[in-house]
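Presented below is the structure to which this report refers.
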Amino acid sequence: MTGATRLVLAHFWVAVAAFAVASLLGVMQAIARTGIALPFGSAGMYYLSVTAHGVLMALVFTTFFIMALGYMVMDSALGRIAAPRWAWAAFWCAVVGTVITTVAILSGSSTVLYTFYPPLKAHPAFYVGATLLVAGSWIWSGVMIGSYRVWRRANPLARVPLAAHGMMAAVLVWILATIGLGIEVVVLILPWSFGLVERIDPIAARTYFWWFGHPLTYFWLLPAYVLWYTLIPRVAGGKLFSDAVTRVVFVQFILFSTPVGLHHQFTDPGIANGWKLVHTFTTYAIMFPSLVTAFTVTASLELAGRARGGQGMFGWIGALPWRDPFFAGVALSMITFTMGGFGGAINAAYSMNAMIHNTAWVQGHFHLTVGTAVALSFMGVSYWMLPRLTGRALILPRLATLQPYLWFAGMMCFSIPNHIVGLLGMPRRVFTAGYAGSPVAAAWVPYVNLSAIGGVVLMLSSACYLAVIVGSMLVSPKGAPGVIEYAEPVVAATPGPSVWDRFGVWTLVAAALILLAYAQPLYHLHTMPGFPSRGFSPF
Amino acid sequence: MHVDRYERYWMWVATGMLLLFTGAVSFTALAGAAHPPSHTEMIDPETLSVSGEFVNPGVVTHDDGRVTVVMRAEMYVFRPMRVHVPAGVPVTFRVTSADVLHGFQIARTNVNVTVAPGYVSEATTTFATPGEYLVVCNEYCGLAHHLMQAAVVVDPPAAAGAGR
Chain P
315 MTGATRLVLA
325 HFWVAVAAFA
335 VASLLGVMQA
345 IARTGIALPF
355 GSAGMYYLSV
365 TAHGVLMALV
375 FTTFFIMALG
385 YMVMDSALGR
395 IAAPRWAWAA
405 FWCAVVGTVI
415 TTVAILSGSS
425 TVLYTFYPPL
435 KAHPAFYVGA
445 TLLVAGSWIW
455 SGVMIGSYRV
465 WRRANPLARV
475 PLAAHGMMAA
485 VLVWILATIG
495 LGIEVVVLIL
505 PWSFGLVERI
515 DPIAARTYFW
525 WFGHPLTYFW
535 LLPAYVLWYT
545 LIPRVAGGKL
555 FSDAVTRVVF
565 VQFILFSTPV
575 GLHHQFTDPG
585 IANGWKLVHT
595 FTTYAIMFPS
605 LVTAFTVTAS
615 LELAGRARGG
625 QGMFGWIGAL
635 PWRDPFFAGV
645 ALSMITFTMG
655 GFGGAINAAY
665 SMNAMIHNTA
675 WVQGHFHLTV
685 GTAVALSFMG
695 VSYWMLPRLT
705 GRALILPRLA
715 TLQPYLWFAG
725 MMCFSIPNHI
735 VGLLGMPRRV
745 FTAGYAGSPV
755 AAAWVPYVNL
765 SAIGGVVLML
775 SSACYLAVIV
785 GSMLVSPKGA
795 PGVIEYAEPV
805 VAATPGPSVW
815 DRFGVWTLVA
825 AALILLAYAQ
835 PLYHLHTMPG
845 FPSRGFSPF
Chain B
266 MHVDRYERYW
276 MWVATGMLLL
286 FTGAVSFTAL
296 AGAAHPPSHT
306 EMIDPETLSV
316 SGEFVNPGVV
326 THDDGRVTVV
336 MRAEMYVFRP
346 MRVHVPAGVP
356 VTFRVTSADV
366 LHGFQIARTN
376 VNVTVAPGYV
386 SEATTTFATP
396 GEYLVVCNEY
406 CGLAHHLMQA
416 AVVVDPPAAA
426 GAGR
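As given, the protein sequences belong to chains P and B, one line each in that order.
Quick note, this note's numbering runs 314 ahead of the 1-based positions in the first sequence.
Quick note, this note's numbering runs 265 ahead of the 1-based positions in the second sequence.
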């Protein structure tokens, strides 16, 4: 096993462990509201579980999986990972941070949910651990950029392989995003949680959080897009429809992922409507590259279906390899993401947002996007990646084939009722939803029960995934590792570096856009004479 | 740069779709004055029960028929817990928090606003249909968050001004 493979697998298994724990917590939460008595069922356990599920899924599972994919791409597409010692330092920094935060949550001293909005105040260890996790991811970002630069110096006239181009976009989005989180946690929250500063402004803290919070979703999504563009066409037996346009798409994500965060704060006081409208427009701008992705990846799949003998207007669809769990996972992810994308357009629609803000609609929405488009793509690539890296064949192939369909079915059953019940006024993140017998709340019951069934199906799907992945690792004999190969484009990119390879320039433009979108609202929040809050820990 | 013909068509379709979305948002915002609740007004959360309008929160009916409802949100109640307002006239809710973030959402209406300590939030709506509306806190505020609720009773226009 090469050093790079060891690095990829170490990150992969941390991600899988976090996913396993968080899946169990997730199903408990889905069942809680049905009124079925669960062991340890209490409000304290419920909100602790929501905190742990959010942190372990949204921050730990995703970040470690993306770090693993990043190393896999840099090693296979560019030939080597620069500074592997730093890569291991990043790994241990992130692991130690994850352990500290997880212990802080499980101790019950940090039930602040994964959004940790001040003036809710967790134990300082919660913030310290989260900071170390992010610090580890920054070292990872440095290793990724270093690997790219080493390759670029050795190949000054070549076009960077598309998979590495996409991963670089993810790295740069992450750096731009976590600047906001860094300011929130290091400058505002840490001194306050250690008692060095007495007060904090909750709206300013939220604004920095959402500077981070929305591009975070693109940090999850871009590595999934890398799989969709650069692996899936080959897995399906075809070619990538368009190399040139794909490179532009990734650059657009660097530019527009971040200056959009106020669309999470439409209902906040203290932020002027004009700025909320500006962020509405930038949010719609960031939908453009996703719409192009929908076309390009579907066109690639059509090429594959026709190459496999599919005929007629829709015959190519049936010709695709629907029994391959990687292909099926990604294809179902794309269908789900189409639904999630249009839901997102509603969330971002300025005044219409009041109909859905903080309702169950929102948990329905992001379980379609991060909870399926990203998570199911990652589960799918596990089936593809693990045999190639370790040489171990997958056991229980039928279970692997079933798993993405089970996830899709469970998610439809979970997510659609949550969208509907959100429109009927049910808030998200509530332990019970009876509201003292209110007739308005009584109408929510069938949807809550349906979504609980969806949660159980999702947990069964997680169990299938874990059985195949962990079982293969334990039972299958080691063989010769396979080759990691990427899809060929129909028309090769023009040779030689182009303007779309100028990551430094695009990052500077993106930073300027962030400044334009955030400087004035933040200046206003920091200079307005106000009444910042002391901390509260009501848990 | 090579761009396929159909890819180019699709980019125009995507651009058209996004222009339609932004156009609809801009039109309703500028022509219909449909904005999110974005009031900016600061208040000391630690003196709410000592001085000012939040000491005795409740319903205020103005001379021109408009109604203001003043509400204080705190773990884990809204004060007052039950208010009467008339149907068919604009009702402005003024809400602030004495402690952590809360949400003020009147289920099945377009009133949905973040309530933060230090800030007064405002949201205005006109209730067309009389009846009892459920108010929920939709921002996690601690272990009894799911029990935080209130009621807005919308009276038929004839009974307007019936008080608290």
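Virtual Cβ for every residue (Gly too), placed ideally from N, Cα, C.
These numbers come from a predicted model, not from an experiment.
Point to revise | Whole-angstrom C-beta distance between R394 of chain P and G810 of chain P, which should lie under 8 Å | key: Actually they are not in contact, since the Cβ atoms of G810 of chain P and R394 of chain P sit about 22 Å apart, beyond 8 Å.
Exercise for review: Answer yes or no: does any C-beta atom of chain P fall closer than 8 Å to that of L313 of chain B?
Suggested key: no
Practice item. Find the residues of chain B that neighbour G844 of chain P, judging by a C-beta separation of less than 7 Å, and give them in chain order. Key: M307, G383
Check your understanding: Which bits of chain P does W275 of chain B rub up against, with CB to CB less than 8 Å?
Key -> Taking the beta carbon of W275 of chain B as reference, the chain P residues within 8 Å of it are L605, V606, F609, listed in sequence order.
Check your understanding: Would you say A478 of chain P touches the ligand FMN, meaning its beta carbon is less than 7 Å from a heavy atom?
Key -> For the ligand FMN, the structure offers nothing, since it holds no ligand at all.
Review point. How about the segment 515-532 of chain P and the segment 401-418 of chain P: do they share at least three Cβ pairs that are nearer than 8 Å?
Key: no
Review point. In chain B, what lies closer than 7 Å to G785 of chain P by C-beta?
Key: Chain B residues near G785 of chain P: none, gap ~38 Å exceeds 7 Å.
Check your understanding: For a contact meaning CB atoms closer than 9 Å, what does R743 of chain P contact in chain A?
Key -> No chain A appears in this structure, whose protein chains are P and B.
Review point. Which word fits T445 of chain P, buried or exposed, when buried means at least 16 other C-beta atoms lie within 10 angstroms of its C-beta?
Key: buried
Check your understanding: Can you list, in chain order, the residues of the segment 514-547 of chain P whose Cβ is nearer than 9 Å to any Cβ on chain B?
Key -> Per Cβ criterion, the list reads D515, P516, I517, R520.
Point to revise | Terminal residues of the beta strand (DSSP E) in which L399 of chain B lies | key: 396-401
Check your understanding: Would you report the Cα separation of M282 of chain B and V354 of chain B, rounded to the nearest angstrom?
Key -> 36 Å
Check your understanding: Hey, does M669 of chain P have any beta-carbon neighbour from chain B nearer than 8 Å?
Key -> yes
Review point. Helix, strand or coil: how does DSSP classify V268 of chain B here?
Key: Reduced to three states, the DSSP call for V268 of chain B is coil.
Review point. To which residues of the same chain is A382 of chain P closer than 6 Å at the C-beta, ignoring the five residues directly before and after it?
Key: V322, H325, F326
Review point. Going along the chain, which residues of the segment 788-799 of chain P sit with their C-beta nearer than 8 Å to a C-beta in chain B?
Key: none
Check your understanding: So is L434 of chain P in contact with chain B if we call contact Cβ pairs under 8 Å?
Key -> yes
Review point. Which value, in whole angstroms, describes the spacing of the CA atoms of Y252 of chain B and L646 of chain P?
Key: The structure shown does not extend to residue 252 of chain B, since chain B spans only 266 to 429, so no value can be given for it.
Exercise for review: Below 8 Å on the Cβ atoms is my guess for G317 of chain B versus N672 of chain P; work out the distance and round it to an integer in Å.
Suggested key: Wrong, their Cβ atoms sit about 27 Å apart, outside the cutoff.
Practice item. Could you have a look at Q677 of chain P and say whether DSSP puts it in helix, strand or coil? Key: helix
Point to revise | N-terminal and C-terminal residue of the alpha helix (DSSP H) that H838 of chain P is part of | key: Looking at the DSSP string, the run of the alpha helix (DSSP H) that includes H838 of chain P is 817-841.
Review point. In the segment 474-553 of chain P, which residue ranges form an unbroken beta strand (DSSP E) of at least 3 residues, counting only runs that do not cross its ends?
Key: none
Review point. When DSSP labels each residue in this structure, what does V797 of chain P get in the three-state scheme?
Key: Note: V797 of chain P maps to coil in three-state DSSP.
Review point. Interface residues of chain B around T594 of chain P at Cβ under 7 Å?
Key: V290
Practice item. Just tell me which of P:I493, P:G736, P:A714, P:M481 has its CA closest to the CA of G384 of chain P. Key: P:M481
Point to revise | As assigned by DSSP and simplified to three states, the class of V426 of chain P | key: coil
Check your understanding: Quick one: does F343 of chain B have its CB under 8 Å from some CB of chain P?
Key -> no
Exercise for review: Since I believe G655 of chain P is in contact with S691 of chain P (beta carbons under 8 Å), could you give me their beta-carbon distance rounded to a whole number of angstroms?
Suggested key: With a Cβ gap of about 15 Å, S691 of chain P and G655 of chain P do not count as contacting.
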